[in-house]
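**Q** Residue numbers (mature numbering (1 follows the signal peptide of the UniProt record, and there is no 0)): -25 to -1, 1 to 125. Beta carbons: idealized from backbone N, C-alpha and C, even for Gly.
#1: Tell me the rounded alpha-carbon separation between residue 88 and residue 27.
#2: With burial defined as no fewer than 16 other Cβ atoms inside 10 Å of the residue's Cβ, what is the status of residue 98: buried or exposed?
#3: Using a Cβ-Cβ cutoff of less than 6 Å, which residues in the same chain neighbour residue 42 once the five nearest sequence positions on both sides are dropped?
#4: Please list, in chain order, all residues of the same chain as residue 116 whose beta carbon is under 7 Å from its beta carbon, the five residues on each side excluded.
#5: If you drop the 5 nearest sequence neighbours on each side, which residues of the same chain put their C-beta closer than 8 Å to that of residue -5?
#6: For residue 84, count neighbouring Cβ atoms within 10 angstroms of its own Cβ and tell me buried if that reaches 16, exposed if not.
#7: Going by the DSSP bridge assignment, what does residue 72 pair with across the sheet?
#8: Quick one: is residue 20 buried, meaning 16 or more other Cβ sit within 10 Å of its Cβ, or exposed?
#9: Find the nearest neighbour of residue 80 within the set 101, 125, 55, 100, judged by alpha-carbon distance.
#10: Nearest-angstrom Cα distance between residue 68 and residue 108?
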């Protein structure tokens, strides 16, 4: 009889904790150009928390310098749905979904690059699994569309 009174509250507690973990879960869609550690390397990370837009970071160069990026809202660029971001140096960029890739460019097109989804996890059994990372290109694009393109 006593076990019955202890089991139910314990189960409710476990379910509540698991539910809260899911609700507050962070996810990230990573897109990159070039190889990490190369001078031409560039990488954007689009984070969400509890399904809502969170932070964006931009990493670049041989040393992988990371910078915060400001989200400026939904936009339209050359008739295509996009969103606008701003780098710390003031550069304004448009992020346009292009199939499973991201086209990132400025208005003068002096910066015009196509970023592909970046897998972050073990390779040939080496490395650490990234629990927050989108599992594939489709999940990454779904994350962007639901949190950044709305």
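**A** Here's the rundown:
#1: Looking at the two C-alpha atoms, the distance is approximately 26 Å.
#2: With a 10 Å radius around the Cβ and a threshold of 16 neighbouring Cβ atoms, residue 98 comes out exposed.
#3: Counting only Cβ-Cβ distances below 6 Å, and skipping sequence neighbours, we find 33, 63.
#4: 72, 75, listed in sequence order.
#5: Note that residue -5 scores a pLDDT of 45, beneath 50, so its modelled location is shaky; the value from the coordinates is reported in the next line. Excluding its 5 nearest sequence neighbours in each direction, residue -5 has no C-beta neighbour in its own chain below 8 Å.
#6: Residue 84 sits exposed, since fewer than 16 C-beta atoms from the chains shown fall within 10 Å of its C-beta.
#7: Answer is 77.
#8: It is buried - the Cβ of residue 20 has at least 16 other Cβ atoms within 10 Å.
#9: Considering only alpha carbons, the answer is 55.
#10: Rounded to the nearest angstrom, the two C-alpha atoms are 23 Å apart.
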